[in-house]
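Chains as they are written, first to last, in our numbering: chain A, 1 to 109; chain B, 110 to 340.
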């Protein structure tokens with residue numbers, strides 16, 4: 001359990017923040033999504049989502065492109081290869097710790 | 110198995126549902142069916158005007174079939190994307206995403222994860238194949254059996270097929286109840302056996318259009334357009 005537990009120390013802190021984890025989770029399930037879709041799915045404010053996306057973009061996890069669909073301007077976000085790999089690694093670590101804790105002998109009383 | 114609350118498979122399915130939620134794809138399918146029915150109906154009237162109308166409708170139907178996704182996307186860029194955002198349709202991005210479970214409540218290994226994804230995909234394809242076979246069989250029956258009641262059965266079969274295909278998304282009462290009713294009406298009120306198929310197609314198209322229009326009006330009502338576009 002100790003080594004599993006210590007694995008938590010290696011968790012990616014950029015992804016570990018709840019709002020950013022939500023963003024990464026949504027983006028990992030689709031090939032791309034626009035700002036408004038992410039905002040609605042994650043329940044974040046515009047400013048909040050902007051700042052978290054900026055952090056993810058800075059880390060090289062998310063690619064942000066501005067484009068148009070007809071006359072409607074879109075801010076398209078997608079996970080980069082690095083972002084996908086980091087996210088997978090994060091999920092694996094969480095799973096290992098979760099597995100270990102579910103095997104723990106329950107305390108009496 | 111995946112936990113429904115933490116599964117990324119869910120996020121993918123929500124994105125899939127999102128494509129149909131505004132009713133525009135249904136509306137476009139309905140328009141295509143109406144055009145197809147109208148083309149068949151006009152072709153049976155042997156006057157030059159009807160012949161021209163039949164070809165025009167057939168041409169438009171071909172455009173609807175070939176450019177369906179583009180038409181839906183164009184309509185969505187006017188009604189849906191400014192209100193609720195954009196996510197690509199399932200056809201554009203079939204397997205690029207890699208559904209995973211966070212495994213917080215039900216841990217799963219990588220292999221069981223892949224198996225689960227395959228199982229869900231297979232289940233979806235099986236249901237769609239079964240529904241398509243039902244409808245195809247019914248179309249053959251309509252051509253072979255020259256009886257009026259076939260159209261009533263057709264309405265029931267199509268309602269069942271729609272329920273099988275769309276139960277993950279949204280089973281519309283307009284389509285579920287309307288299809289058997291339409292089949293019954295075609296049986297009772299259309300005397301010419303030649304016209305029955307055309308009217309049946311137009312009727313189903315109208316039902317799809319009605320269902321799509323209701324969903325679109327509801328979607329627009331629930332999601333008013335923002336004053337300033339998202340950053």
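A virtual CB, placed ideally from N, CA and C, is assigned to each residue, including glycine.
Just the Cα atoms here: how many angstroms apart are residue i and residue j?
i	j	result
residue 326 of chain B	residue 89 of chain A	43 Å
residue 251 of chain B	residue 168 of chain B	25 Å
residue 123 of chain B	residue 39 of chain A	14 Å
residue 95 of chain A	residue 77 of chain A	26 Å
residue 247 of chain B	residue 121 of chain B	33 Å
residue 162 of chain B	residue 148 of chain B	7 Å
residue 67 of chain A	residue 295 of chain B	48 Å
residue 53 of chain A	residue 263 of chain B	51 Å
residue 314 of chain B	residue 170 of chain B	12 Å
residue 311 of chain B	residue 289 of chain B	14 Å
residue 237 of chain B	residue 159 of chain B	36 Å
residue 244 of chain B	residue 270 of chain B	7 Å
In the DSSP assignment, what are the bridge partners of residue i?
i	result
residue 265 of chain B	Partner(s): none; residue 265 of chain B has no beta bridge.
residue 77 of chain A	A:33, A:64
residue 72 of chain A	A:69
Round the Cβ separation of residue i and residue j to the nearest angstrom and send it over; I've been treating them as touching at under 8 Å.
i	j	result
residue 72 of chain A	residue 186 of chain B	5 Å
residue 265 of chain B	residue 240 of chain B	Incorrect: roughly 13 Å between the Cβ atoms, too far for contact.
residue 318 of chain B	residue 139 of chain B	3 Å
residue 320 of chain B	residue 283 of chain B	4 Å
residue 134 of chain B	residue 181 of chain B	5 Å
Of the residues the options, which one's Cα is nearest the Cα of residue i?
i	options	result
residue 191 of chain B	A:86, A:35, A:95	A:35
residue 132 of chain B	B:184, B:164, B:151	B:184
residue 331 of chain B	B:188, B:284, B:267, B:302	B:188
residue 25 of chain A	A:93, A:102, A:83, A:100	A:83
residue 281 of chain B	B:309, B:267, B:157	B:267
residue 174 of chain B	B:137, B:153, B:158, B:194	B:137
residue 234 of chain B	B:158, B:179, B:275, B:150	B:275
residue 344 of chain B	B:257, B:193, B:125	Past the edges of chain B, shown from 110 to 340, lies residue 344 of chain B, and the structure says nothing about it.
For the ligand SAH, I want to know if residue i counts as a neighbour, meaning its beta carbon is within less than 8 Å of at least one of the ligand's heavy atoms.
i	result
residue 71 of chain A	This structure simply doesn't include the ligand SAH, nor any ligand for that matter.
- Item | the stretch 48 to 68 of chain A: positions lying closer than 7 Å to chain B by Cβ | Among the residues of the stretch 48 to 68 of chain A, those with a Cβ less than 7 Å away from any Cβ of chain B are 50, in the order of the chain.
- Item | Cβ-based contacts, 8 Å cut-off: residues of the stretch 24 to 47 of chain A near chain B | The stretch 24 to 47 of chain A vs chain B, Cβ under 8 Å: 25, 26, 28, 29, 30, 31, 32, 33, 34, 35, 36, 37, 38, 39, 40, 41, 46.
- Below 9 Å between beta carbons is the criterion; list the residues of the stretch 174 to 198 of chain B that meet it against any residue of chain A, in chain order. 182, 183, 185, 186, 187, 190, 191, 192, 193, 194, 195, 196, 197
- Task: Can you give me, in chain order, the residues of the stretch 118 to 148 of chain B that have a beta carbon less than 7 Å from any beta carbon in chain A?
- Result: 120, 121, 124
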